[in-house]
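Below is one structure, written out as C-alpha cells; the observations come after it.
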C-alpha cells in the first residue's frame, strides 16, 4: 500500500469554453492537514468537486487507500468517507442540530426515527468538537462558527476519513478561528486527513503540514510548510513577484469629511462617534457581528439610525437614502459583492452605469455612447481584466468583480468611499491592486473608511483605526507601534474577556 | 465581433417569435392549399385582413398585459389586475348612474365617470404598490391575491349580484371602442391603433430611458440596485400604480365590447391572459428581461392561432386555449434546451481539442 491515503493523478476537467483543471496532482496522508491554495479561478473548487463526486473528471484517476475509485456522485464519495464543510454552511436552518447532523443517515426504529438516540449521539459528537449548545437547537439560531461545528459533527457522524474545509475561517472572528484550529488539530491527531482551502496565510502557516499550489488550472507544486515562506507562496500563486503588498504612502490629511456623532440603532450599535478626513484611510475593525456594517449602512441610508447625527462635508444630513448619499458624494462598497454589489447577469458597462444613469441621459433618453465612455475609462483606470466592457460580471474573477463594484462607486465621483471588507475572498494579486487603488484615491483627496477583519490589512493600510465591539467603539489607535494583540484585546467582548 | 453581434441578434427572443409566427402562417396556408388540391373550395380565411380583425378579442387584455410587463420586469407579480379592472368599471357604472340621477346628463357625466374609473384603477395599483414595498417579507403574489379578493369584494358591496345596463346614447359611445374602422383598405379594430400607440410609449420608456433600465435592474437584483443609489421602492410603487391604471383601461374597453353591461364577476381570470401574453413575449417571473416588441408579437400569435386552429381547422375554443397553453410551456422550455445543447456542443469541441493536443 502506498504511503498516501488519497492520490489524485492527472485530473482534467473541461467546462464550456474553459479548461478548469489541466492534469493536476494532489496527494494526502492520513493524519495530515494539507492546504490547497491558489488565486480565485485557479481550479481549487472544481478540484474539490471532482473529489466529492459533484463533477466527473474528463481525465485522470482517483486512488483511495491503494484502490482506484470512481466518485460517480456525492453519495458515493460520502460512502468512501469524504466529507466537505463550506464557508457558508449548507445546512437546514429550520431543523435542529441533531436533525442536521443525521439527515440522510437517521437512526431508525421500524419506520420511525429514533429521536432520543439521535439527540444522544448528537450530544456526544458536539462534545467531541467542543460545542456547548444543545442538539435540539434550531441551526438557524446559531452563529456561523457554531454552524460550522455542526457541519464538522456531521462529518464525524459519517466517520469521515477525509475532511475538506473550504474557506472555513472566512466568516469567523479571530477567536472562533482559533477554536476551529484546535478542533482541526484534534481531528488530525485522531488520524483524520484534512484538506484546507484558504486565502488566509494565518490559516495556512498556523495549521497546515503541507501545501499544494494551483495556478490557472495547473498544478504548480507541493511543499512542506517548513520549506516555504509567505513571499514564496505568493510568488507560486500569482506567478510573479509582488514586491510590496501594502504600498502605503504618506498623504497630507485634509479637512474633516465625515463626522458621526453618538449614532445609535437599537440592537445593532450604540453611541458610535467617529471622523474621516479627506486624504485619510480610516480602518474600522472588530469581530464579525460587532455592528460595523450596520453603522455604515445607516450612514449610506440603507437603514435608519434611532438617534445621533451624521455630518458630511460640514453639513448635517437628515433622512439619508442611498440615492441622496451618492448625490452628496458618499459611496459604499457593500460587504457581499455578489448579492449587494453587482447585477451578475449584467455586463461591466451596465453595472457601472447603473449608479450614474442620470449622467448618461439626454432628457429621459439613455445615451449609450456616454455610458461606454464612463465604463471604458474606469475599466482602464482600475485595470479590470476582461475582453470588453460588454463582458458579463458573472464571468469575472472575484478580484475583478470587486474592481467593478469600486468602479460603480467611482463613477459617481464620491468624496468619501466606504469599503466594507474590500478584499474578502479576493486573491492576493488583486488584493495588492485594490490596496494600490485605495492609496491613489486617498492621494487624490478622497476620504476612505475601510471595514476589515484582516489585521495585516487594517494595520498596514490605515492612518487611524477604530475598533468596535458589541455595537460600541471601544478604542481608537494610531497604527505606529501598534500590535495585533492590542487591537484584538479591544475587539473582544468585555463580558467574556 | 460582427459575427457575434449577428448571432446575438438571431438568438433574440423576438426573432424566435417571428419564426414561430411565420411557421404557423405556413402551416395554415398549406392546409388551405391542400384543401384546394382535394377539390374543395378555397377558404382563404388566412390573410392579413382576417388576422388584423381577429386581434380584436386579444386587444381587450392587451393593455393589462402592458401593465403586467412592468411588474414581471421587476420580478414581481400582480394577480389582482383582473379584479382591479372589475372594481374600476363597477365604479364607472355606479358613478354614471349617480350623476345621471342627479341630473347631470350627456358627455360630462361620461367623462367624469371615466375619470373616476381610471382613478380607482390607479388607487388599486397604489394599494398594491404600498403593500409590496412596505411589507417586503410577504410575497407580492400573496399580497395581490389578498387585494384581488378585496377588490372583488368591494365590487359586490357596491352593486351586489345585479347587472348594470345602460341604454342611453352617451354611454353607447363606449361601444365605438369595439368597432372596426377602415384603414389601408382593411377593417381594423379601433383598439389596435390605440394599443400600438400606448405600446410605443411603453417601448420608449422601458427600452430607451434610464428609468426603464432601472426597472430591469430591479428585476435582476433589487438589493444591488438599491446599493447603486436607485430608489427601488419609489419605482416599484409607480409601476404598480400604472399596472392598476392599465387594468382600468382594459375595463373600459371590456364594457365597450360587451354591450355596456357591468357585473361584479366580469373579467375573472383576466390576469392569467395578461401573464400568459407577457411570458410568451419574453418576460419571466424571475424578472429582469423581456421586450415590448415580444409582447406585441405574442398577441399576434394568439390571434393567428385563433383563426388558424379555430376557423381553419375547426377546433373549439377550448382546444385553441389548450394549444396556447402548450405553446406557452414550449416557449419557456425551449430557451433552456437550446442553451443546454449549445453548452454540450462546446464541451465536446473542447474535449476533442484537448485529446488531439495530448
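Chains as they are written, first to last, in my numbering: chain B, 62 to 558; chain W, 411 to 768.
Each residue gets a CB set at the ideal place from its N, CA and C atoms; glycine is no exception.
All of these numbers come straight from a predicted model, not from anything done at the bench.
Taken in chain order, the whole alpha helix (DSSP H) runs of length 4 or more contained in the segment 228-312 of chain B are 235-250, 262-268, 291-299. DSSP places residue 191 of chain B outside both helix and strand once states are collapsed to three, so it counts as coil. Between residue 637 of chain W and chain B, the shortest Cβ-Cβ separation is below 7 Å. For residue 278 of chain B against residue 95 of chain B, the beta-carbon gap comes to about 19 Å, at or over 8 Å, which does not count as contact. Contacts between residue 695 of chain W and chain B, judged by CB atoms closer than 7 Å, are missing: the closest CB pair is about 15 Å apart. The segment 534-551 of chain W makes no contact with the segment 568-584 of chain W: fewer than 3 CB pairs, one atom from each, lie closer than 8 Å. Within the model, the alpha-carbon separation for residue 380 of chain B versus residue 320 of chain B is close to 16 Å. Taking a contact to require three or more Cβ pairs closer than 8 Å, the segment 253-265 of chain B and the segment 80-100 of chain B qualify as touching. Looking only at B:429, B:455, B:424, B:466, the smallest Cα-Cα distance to residue 444 of chain B is reached by B:466. Here the alpha carbon of residue 338 of chain B sits roughly 26 Å from the alpha carbon of residue 413 of chain B. Between residue 463 of chain W and chain B, the shortest Cβ-Cβ separation is not below 7 Å.
For residue 406 of chain B, the nearest beta carbon of chain W is closer than 7 Å to its own beta carbon. Interface criterion met: the Cβ of residue 422 of chain B is under 7 Å from a Cβ in chain W. Secondary structure at residue 98 of chain B: strand, using DSSP grouped into helix, strand and coil.
If you draw a 10 Å sphere on the C-beta of residue 311 of chain B, you find fewer than 16 other C-beta atoms in it, and that means exposed.
Annotation: residue 559 of chain W has no Cβ neighbours in chain B at a cutoff of 9 Å; minimum Cβ distance is about 29 Å.
The C-beta distance from residue 487 of chain B to residue 495 of chain B rounds to 7 Å, short enough to meet the 8 Å contact threshold.
Three or more beta-carbon pairs separated by less than 8 Å are not found between the segment 502-512 of chain W and the segment 725-738 of chain W, which leaves the two stretches without contact.
Counted as a single uninterrupted DSSP element, the beta strand (DSSP E) harbouring residue 71 of chain B occupies residues 67-76.
At the C-beta level, residue 330 of chain B and residue 350 of chain B stay beyond 7 Å of one another. Of all residues in the segment 377-398 of chain B, only 382, 383, 384, 386, 387, 388, 393, 395 place a beta-carbon less than 8 Å from a beta-carbon of chain W. A direct Cα-Cα distance of roughly 37 Å separates residue 663 of chain W from residue 635 of chain W. Bridge partners of residue 423 of chain B according to DSSP: B:426. Taking 7 Å as the cut-off, the beta carbon of residue 73 of chain B is found closer than this to the beta carbon of residue 120 of chain B.
Residues of the segment 253-278 of chain B with a Cβ closer than 7 Å to any Cβ of chain W: none. From the beta-carbon of residue 562 of chain W, no residue of chain B is found nearer than 7 Å; the closest lies around 35 Å away. Contact annotation for residue 427 of chain B against chain W: 618, 619, 620, 623 [CB-CB distance below 7 Å, chain order].
Considered as a whole, the segment 571-625 of chain W harbours 590-593, 596-599 as its complete beta strand (DSSP E) runs of no fewer than 3 residues, in chain order.
Residue state for residue 467 of chain B is assigned as helix, using DSSP reduced to three classes. Residue 717 of chain W sits away from residue 457 of chain W, with the two beta carbons spaced by 7 Å or more.
Taking a C-beta cut-off of 8 Å against chain W, none of the residues of the segment 186-219 of chain B qualify.
In this structure, the straight-line span from the alpha carbon of residue 313 of chain B to that of residue 341 of chain B is close to 8 Å.
For the 7 Å CB-CB criterion, residue 639 of chain W and residue 384 of chain B form a contact.
Just measuring C-alpha positions, the residue of W:497, W:504, W:505 sitting nearest residue 563 of chain W is W:497.
Annotation: residue 201 of chain B to residue 152 of chain B spans about 9 Å, alpha carbon to alpha carbon.
Here the C-alpha atom of residue 158 of chain B lies approximately 12 Å from the C-alpha atom of residue 185 of chain B.
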